[in-house]
Amino acid sequence: MVAILRGKNKPVYAPHWDLGDSVIIVNAGKVRLTGRKPAQKMYYRHSGYPGGFRAEPFEKLIARRPTAPVEHAIRGMLPQGPLGRRMFQRLKVYPARQPPHAAQQPIKIELS
Numbered sequence: 002m003v004a005i006l007r008g009k010n011k012p013v014y015a016p017h018w019d020l021g022d023s024v025i026i027v028n029a030g031k032v033r034l035t036g037r038k039p040a041q042k043m044y045y046r047h048s049g050y051p052g053g054f055r056a057e058p059f060e061k062l063i064a065r066r067p068t069a070p071v072e073h074a075i076r077g078m079l080p081q082g083p084l085g086r087r088m089f090q091r092l093k094v095y096p097a098r099q100p101p102h103a104a105q106q107p108i109k110i111e112l113s
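In the working numbering, the protein residues as written are 2 to 113.
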């Protein structure tokens, strides 16, 4: 899915061009981790203010925002900077099965 966002599936791919397509991910709320990882895996953020550092375990984050772990993982795979931010805008992640994109007639792509 990151390759599609970046446009690597097209013959005219170049790393500095934004040639990718939009990607819709459904059922992101059903992501599960094995073992003790749900309690041990931490997600960090900082508000920018002194003392604004926050850490949150996976199990609390997925209960609060079911799409956040998938978005975080994909954002880390994209280029850092304006190009990656523009690519990330074309990513739509939904926790449920039916996204509101029926009018656009999305094509299902099976990843192996």
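Cβ atoms here follow ideal geometry from the backbone N, Cα and C, with glycine treated the same way.
Computed from a predicted model, the values in this text were never measured in an experiment.
Look at the alpha carbon of residue i and the alpha carbon of residue j, and state the distance between them as a whole number of angstroms.
i: Lys-11; j: Leu-20; result: 8 Å
i: Leu-34; j: Leu-112; result: 19 Å
i: Pro-16; j: Asp-22; result: 14 Å
i: Ala-40; j: Gly-8; result: 35 Å
i: Ile-75; j: Arg-66; result: 15 Å
i: Trp-18; j: Lys-42; result: 34 Å
i: Arg-87; j: Leu-79; result: 10 Å
i: Tyr-44; j: Ile-110; result: 29 Å
i: Gln-99; j: Gly-36; result: 30 Å
i: Pro-51; j: Val-3; result: 35 Å
i: Gly-77; j: His-102; result: 25 Å
Reducing DSSP to helix, strand and coil, say where residue i ends up.
i: Arg-66; result: coil
i: His-47; result: strand
i: Glu-57; result: strand
i: Leu-6; result: helix
i: Lys-93; result: strand
i: Val-71; result: helix
Less than 8 Å between CB atoms is the rule here; does residue i satisfy it with respect to chain B?
i: Asp-19; result: Here there is only one protein chain, and chain B is not present.
Leaving aside the five residues before and after residue i along the sequence, list all residues of the same chain whose C-beta is less than 7 Å from its C-beta, in chain order.
i: Arg-46; result: Arg-55
i: Pro-107; result: Ile-25
Between residue i and the rest of its own chain, which residues show a CB-CB distance below 8 Å, the 5 nearest in sequence each way excluded?
i: Ala-97; result: Val-27, Asn-28, Gly-30
i: Arg-91; result: Leu-6, Gly-21, Asp-22, Ser-23, Val-24
So, at 6 Å on beta carbons, what are the nonlocal neighbours of residue i in its own chain, with the 5 sequence-adjacent residues on each side left out?
i: Thr-68; result: Ala-29, Val-94, Pro-96
Contact between the stretch 43 to 60 and the stretch 79 to 96 (3+ Cβ pairs under 8 Å): no
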